[in-house]
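Working notes, structure below.
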Amino acid sequence: MFLQHRLCFYSSNHPKQSPTYNEVNILMIDRNFQKVLFDCQKYDYQKASFEILQEFCRLGIDITSSRHYKNPLYFSIPDLSGSNVKEHLDSVAKELSHPYMKLLESFGSPPELPKIWESSSGWTKYRGDKTYSVEAPLEDALIFDTEVLVKEGHVPTMAVALTSDGWYVLNVVLQFCRYSWTSKRLSVYDDNCLNDINAFNSLIPIYGSKNKDISKCVIGHFVSYDRARILEEYLLDGTGLRFVDTLSLHVAVSGLTSTQRFLKTSADKHLFNNKTWQEFIGRKNDRQPLDRKPNTEALVMDLDWLSETSLNSLPDIYRLYCKKEPPQDKQLRSIFESGTIEDVRTNFQKFHSYMDKLRLFPHPATFCGLLEMSSMYLPINDNWIKFQEKAESSYTENILRQKKLLMQLADQALAKYSNNQEWYRDLIPKPVKDNLDAGPALLTAQMRIAPKLLKLCWQGLPLHYDRVLKWGVLIPGRIPQPYGDPRYYIESFKNTENTECIDSNDAEKCSTNSNVVCHYDSLIRPIISVVKSTAAGDETLDFPYG
0 MFLQHRLCFY SSNHPKQSPT YNEVNILMID RNFQKVLFDC QKYDYQKASF
50 EILQEFCRLG IDITSSRHYK NPLYFSIPDL SGSNVKEHLD SVAKELSHPY
100 MKLLESFGSP PELPKIWESS SGWTKYRGDK TYSVEAPLED ALIFDTEVLV
150 KEGHVPTMAV ALTSDGWYVL NVVLQFCRYS WTSKRLSVYD DNCLNDINAF
200 NSLIPIYGSK NKDISKCVIG HFVSYDRARI LEEYLLDGTG LRFVDTLSLH
250 VAVSGLTSTQ RFLKTSADKH LFNNKTWQEF IGRKNDRQPL DRKPNTEALV
300 MDLDWLSETS LNSLPDIYRL YCKKEPPQDK QLRSIFESGT IEDVRTNFQK
350 FHSYMDKLRL FPHPATFCGL LEMSSMYLPI NDNWIKFQEK AESSYTENIL
400 RQKKLLMQLA DQALAKYSNN QEWYRDLIPK PVKDNLDAGP ALLTAQMRIA
450 PKLLKLCWQG LPLHYDRVLK WGVLIPGRIP QPYGDPRYYI ESFKNTENTE
500 CIDSNDAEKC STNSNVVCHY DSLIRPIISV VKSTAAGDET LDFPYG
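Read in order, the letters of the sequence shown correspond to residues 0 to 545 in numbering that gives the first Met the number 0.
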């Protein structure tokens, strides 16, 4: 994108240049390119040292053999905007993003909410105590949020935008305007409006009759959802409208991987209870410092990322950056998910107040790529709809075939192990007596019983799920209550001579190294340590193996 903006590549007659090879016999780019891109030229490279040659030889690479290459590729390019490619990219990025960065920098502190929201259709502008009906927001930067009544379709029901009106130099005061947009379905009590919910004029205008080449910036959280409900985004000609997604900014700064997301959720629910986790919580809550060994301190510090990240929802991000609970009404939000148009009319005033609180102010960082990616299009025709229908049909067919196979395996297992039918009854929709003939209709491949029915193994050992240890394998010969497992700690020592261990928390009294043997029901088994890694740190569990 940056090169295309300033550079027009074209073929040109260029004097042939002898190939240049580096220390390990790799062909280098044209030296004129090197001068333009890196502001330097280098023709001579020293031969690789004997140690490097030996290392390549060990890897089976012979860099001393002659290689026949064509002359390095060359095409003429204009001068860059700087002395090298780095300065060029910086210059072009600033040039492309400057209009939008300027718009973002115009924001300040928000004013108080209007006490009364107008319910007339279209955009309504709020400035102080006055309201105006407008075609579209007049300003070029706005914080934007929409809501959709799920039962009525995908078009918007209402929207709220916060814009800055401009600076007043004399008073040094930034004045704000607020806008609200209301669907015609709310203001006109006519059931015929529901038949027109997919019409083009049901979308939200941002430009109105204004020149659509003017740079405009919309800020939102998961803004692609709001973008799909903006009228100008469906025009064939491009516009100057760009989007800044606070969700994308958060993910880039403090996002989570899929594994971290699971650990973060568990940590927020305080599901960890080992010593390292307790010390982390104690330090986080500014309790008195605990005496720790250096390696323990490192483990506790490894948990700091838990307090420096959050999940991707707006309330979670609000808690992370604002250090307080978000002012949000979940009960109002649920009406959009399961309510009707009449429910929205009844709670109209509350809804606009709720939506206006869902805002975040983005950091003015390098975001040129974000602006371009937020305005991408996917050109499609009728074949796209056919593709979706065919893909959905194939998916449904495969799911049904998979379900049928699992149900057959469940019936076979029931016939073979008829002494325990409780697991089978859990797979039948309630009431069980009425649905018994339908079989295990609740069974899916995501259930933990599915690997058992499919007899899945790892290295010949059957897969098994444990509530504490999660997924693993069953080892033949392991005693039912493993020594060292904290869930069975006391039970492992019943009827043994080591009664001192039963009520003791001293690790030395109950040694768990590999040289110690555990006497359990006259069986002698070696103890093998297993490390359980969680967000709360590593924890060693010791199990006897046969």
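We treat Cβ as the ideally placed atom computed from N, Cα and C, and that holds for glycine.
Please read all numbers here as calculations on a predicted model, not as lab measurements.
Check: With 16 other Cβ atoms within 10 Å as the buried cut-off, status of E421; Outcome: exposed
Check: When V243, Q259, I384 and F261 are compared against S96, the one with the closest alpha-carbon; Outcome: V243
Check: Where the beta strand (DSSP E) containing C39 begins and where it ends; Outcome: Run containing C39: none; DSSP gives neither H nor E here.
Check: Residues of its chain near M406, where Cβ-Cβ distance is below 8 angstroms and the 5 sequence neighbours each way are ignored; Outcome: G438, P439, A440 and L442
Check: Expected contact under 8 angstroms - CB spacing of K268 and L255 to nearest Å; Outcome: The pair is not a contact, with the Cβ atoms about 15 angstroms apart (cut-off 8 angstroms).
Check: Delimiting residues of the beta strand (DSSP E) encompassing Y224; Outcome: Here Y224 belongs to no beta strand (DSSP E); instead the alpha helix (DSSP H) covers V222 to R226.
Check: Extent of the continuous alpha helix (DSSP H) run through A266; Outcome: S257 to D267
Check: Span of the beta strand (DSSP E), counted from its first residue to its last, around V149; Outcome: That residue, V149, is in no beta strand (DSSP E); it is neither H nor E in DSSP.
Check: Secondary structure of R126, DSSP reduced to three states; Outcome: strand
Check: Cβ pair R226, V217 closer than 9 angstroms; Outcome: yes
Check: Integer-rounded CB distance, given that Y44 should sit under 8 angstroms from N21; Outcome: 5 angstroms
Check: When L246, L310, Y233 and G237 are compared against T258, the one with the closest alpha-carbon; Outcome: L310
Check: Residue closest to I448, alpha-carbon to alpha-carbon, out of P430, D436 and Y423; Outcome: Y423
Check: Per DSSP, cross-strand counterpart(s) of H463; Outcome: G471
Check: Spatial neighbours of S374 in its chain, beta-carbon cut-off 6 angstroms, leaving aside the 5 residues before and after; Outcome: R241
Check: Beta-ladder partner(s) of F386, from DSSP; Outcome: F386 is not bridged to any residue.
Check: Reduced DSSP secondary structure (H/G/I, E/B, other) of N294; Outcome: Unreliable placement is indicated for N294, whose pLDDT of 41 sits below 50; the coordinate value is still reported in the next sentence. Helix.
Check: Whole-angstrom distance between C321 and S208, CA atom to CA atom; Outcome: 38 angstroms
Check: V243: first and last residue of the uninterrupted beta strand (DSSP E) it sits in; Outcome: L240 to D244
Check: Which of helix, strand or coil DSSP assigns to L26; Outcome: strand
Check: Pairwise C-alpha distance: E94 and G81; Outcome: 13 angstroms
Check: Buried or exposed by the 16-neighbour rule on C-beta atoms within 10 Å, applied to I213; Outcome: exposed
Check: Presumed contact (8 angstroms Cβ cut-off) between L369 and S247, rounded CB distance; Outcome: 6 angstroms
Check: Nearest residue (CA-CA) to L72, options V154, E151 and D29; Outcome: D29
Check: Integer-rounded CB distance, given that T130 should sit under 8 angstroms from E117; Outcome: 6 angstroms
Check: Alpha-carbon spacing of S17 relative to L26, whole angstroms; Outcome: 11 angstroms
Check: C-alpha gap between L435 and A409, whole angstroms; Outcome: 13 angstroms
Check: Spatial distance of S90 from N24 (CA atoms); Outcome: 35 angstroms
Check: I316, buried or exposed, once every other Cβ within 10 Å from all chains shown has been counted against 16; Outcome: buried
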